[in-house]
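This report refers to the structure that appears directly beneath it.
Protein chains in written order, with our numbering: chain Y, 444 to 753; chain C, 321 to 654.
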């Protein structure tokens, strides 16, 4: 167990030492209220990171999730602002995400185009299309929508609970169900998977649709946290999600990684910024540190692969 | 398919793109206000130099089967460090500019080292440096500081004209000519094509694959630094957000220009046409009364759609050919 998941456990070790340092030098960090708020604000990111991990395991990439996230947020906001019932608003956001994901999937799996360029194109198209349609105007949400009408603490527990449920469900599917194993098989070697009777293109398509639907769900989880919808939301989301997956041990060469690692990577990245703030590093170092952590994780993987003679 | 050489020439990517460009020019010439004036044409050139420079060096990277998402961030980092060297370091701007080129080479060198020495995928490496370089630029300027009041001799580079042509256009033409010669007329440049076509094959043929890839990435860094200098000279300020999103524009121009994202196929003149098509579209939309107010969003949207169409345009015939051959060959022997 320890040997097989050495990569995940080493990140867990780093995470625990960061938490221990925080506990010694900044015990305020663990005060329940700011901690819960911080986790709630980051919860949508975890849902997207779960989807991204699945996409990367299938040896693809999706950098359009940030733009799609904004589109789904606006769809959810518009439907809710039109006095439609709440479940309809939620369903339409998830459906919008699934449609966006299906578009990516059709281009990648159907036409065999590389996912990096396809999602680059949809990233720009969706973002600019949204800017054109919405002109940057915020949408005011009706009263009942914030925290789905619950008191704030209840809403925060609900959002965090949904994120953890998604993570657990994804982990179970990827580990125990045939379709999850098929994603690993396609990511390791699509041709071998095909000869074994799996349909790689169908799997790829399904992965992208699911990625879109998860993005829609994440958008809803974000929308309910504030009284307005910001149409410029979701910038850099793709990067943060990819960072969480890669730091958590998901290999960009496909076929390797698990959802437990994603959770650890996500928590580590979420803790690093406040940890550095507590020891006096200014917030404008955020992006540089984010990049350095990604590079550190891939370099560690590269060195290990080289040692193992692969 | 049996096509005469003449038909094939007409169907070539570059020819189709040239037709698109001409159609754009004619359309905006008729529908746009003051589109065809020499001043506006000079304006188009002036505004597309940075993206053009990045596209020119992105092209060999993509041709060799890689990608570089960090060039836009390199522009930001180099612009900020150039300002820092000039204002706080007290260097004359010429010296600072040369040092900036060195910084660009270093930034490209970091990518090159990680990609070739550790054999890491270029996509994830340059995604990391995309964040790192932009983050360093923000950290150096504390996110808000901007360098201004550059001397007129420097600003001439971004706003002046030499022989009636914008000053930075001369730099661009020089780089374009050099890149064309390098890619199309030297064995060195041809090796990128070979590597992109079949990396293993290139290795067996005795090409130093790692060194050639490293060179492409360092070249991208150096020219990104050059773009940072012309960018700063054009705006008169160096800020951490210089060149945001330029990597996307450059990749779009390269792919639109017919370079295969899988590597092995592509041309420098195609890339130039791709840059021109995007630049004319953006400027033209801001000259047509109906689209004037939202030209930025619209040109971004159309660029994205164009990119999808260019990709799909290349893939659909292949898809049909594949289906046909699968039908012809079925059942497949084990």
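Backbone N, C-alpha and C define an ideal beta-carbon position, used for all residues, glycine too.
Asked: Among C:608, C:531, C:564, the one whose alpha carbon lies nearest that of residue 544 of chain C; Found: C:564
Asked: Residue 644 of chain Y, DSSP secondary structure in three states; Found: helix
Asked: Residue 639 of chain Y - DSSP class collapsed to helix/strand/coil; Found: coil
Asked: Burial state of residue 455 of chain Y (16 or more Cβ within 10 Å); Found: buried
Asked: Reference residue 461 of chain Y; option with closest CA among Y:724, Y:729, Y:712; Found: Y:712
Asked: Beta-carbon separation (whole angstroms), residue 562 of chain C vs residue 376 of chain C, contact threshold 8 Å; Found: Contact flag wrong, Cβ pair sits at about 18 Å.
Asked: Where residue 733 of chain Y sits in the DSSP three-state scheme; Found: helix
Asked: Continuous alpha helix (DSSP H) stretch holding residue 488 of chain Y: start and end; Found: 475–500
Asked: Residue closest to residue 501 of chain Y, alpha-carbon to alpha-carbon, out of Y:729, Y:457, Y:643; Found: Y:643
Asked: Contact between the stretch 503–512 of chain Y and the stretch 562–569 of chain Y (3+ Cβ pairs under 8 Å); Found: yes
Asked: The stretch 432–448 of chain C: positions lying closer than 8 Å to chain Y by Cβ; Found: 434, 438, 439, 440, 441, 443, 444, 445, 447, 448
Asked: DSSP three-state assignment for residue 671 of chain Y, whether helix, strand or coil; Found: strand
Asked: Cβ-Cβ distance between residue 570 of chain C and residue 336 of chain C below 8 Å; Found: no
Asked: Beta-bridge partners of residue 481 of chain C, as assigned by DSSP; Found: C:486
Asked: Where residue 321 of chain C sits in the DSSP three-state scheme; Found: Here the model assigns residue 321 of chain C a pLDDT of 48, short of 50, so the residue's position is not dependable and the matter cannot be decided.
Asked: Residue-level contact to chain Y via CB, residue 454 of chain C, 8 Å cutoff; Found: yes
Asked: Neighbour flag for residue 568 of chain Y against chain C, beta carbons, 8 Å; Found: yes
Asked: Residues near residue 530 of chain C by beta carbon distance below 8 Å, same chain, minus five either side; Found: 436, 437
Asked: Nearest-angstrom Cα separation, counted from residue 649 of chain Y out to residue 549 of chain Y; Found: 10 Å
Asked: Extent of the continuous alpha helix (DSSP H) to which residue 508 of chain C belongs; Found: 507–517
Asked: Beta-carbon proximity of residue 761 of chain Y to residue 511 of chain Y, cut-off 8 Å; Found: Here chain Y has residues from 444 to 753 only, and residue 761 of chain Y is not among them.
Asked: Segment contact flag, the stretch 481–500 of chain Y with the stretch 689–706 of chain Y, C-beta cutoff 8 Å, min 3 pairs; Found: yes
Asked: Neighbour flag for residue 631 of chain Y against chain C, beta carbons, 8 Å; Found: no
Asked: When Y:452, Y:637, Y:701, Y:591 are compared against residue 670 of chain Y, the one with the closest alpha-carbon; Found: Y:591
Asked: CA-to-CA distance, residue 622 of chain Y to residue 502 of chain C, given in whole angstroms; Found: 48 Å
Asked: Chain Y within 8 Å of residue 462 of chain C, Cβ atoms only; Found: yes
Asked: Residue(s) in a DSSP beta bridge with residue 559 of chain Y; Found: In DSSP, residue 559 of chain Y forms no bridge with anything.
Asked: For residue 437 of chain C, three-class secondary structure by DSSP; Found: helix
Asked: Complete alpha helix (DSSP H) runs within the stretch 531–595 of chain Y (minimum length 4 residues, chain order); Found: 558–577
Asked: Cβ contact (3+ pairs, closer than 8 Å) linking the stretch 520–531 of chain Y and the stretch 582–591 of chain Y; Found: yes
Asked: Buried versus exposed call for residue 750 of chain Y [16 or more other C-beta atoms within 10 Å across all chains shown]; Found: exposed
Asked: Environment of residue 603 of chain C [buried if 16+ CB atoms lie within 10 Å]; Found: buried
Asked: Terminal residues of the alpha helix (DSSP H) in which residue 655 of chain C lies; Found: Shown here, chain C extends from 321 to 654; a query on residue 655 of chain C therefore has no answer.
Asked: Min CB distance residue 533 of chain C to chain Y below 8 Å; Found: no
Asked: CA-to-CA distance, residue 586 of chain C to residue 518 of chain C, given in whole angstroms; Found: 15 Å
Asked: Residues from the stretch 600–619 of chain C in contact with chain Y, defined by Cβ distance under 7 Å; Found: 614, 617, 618
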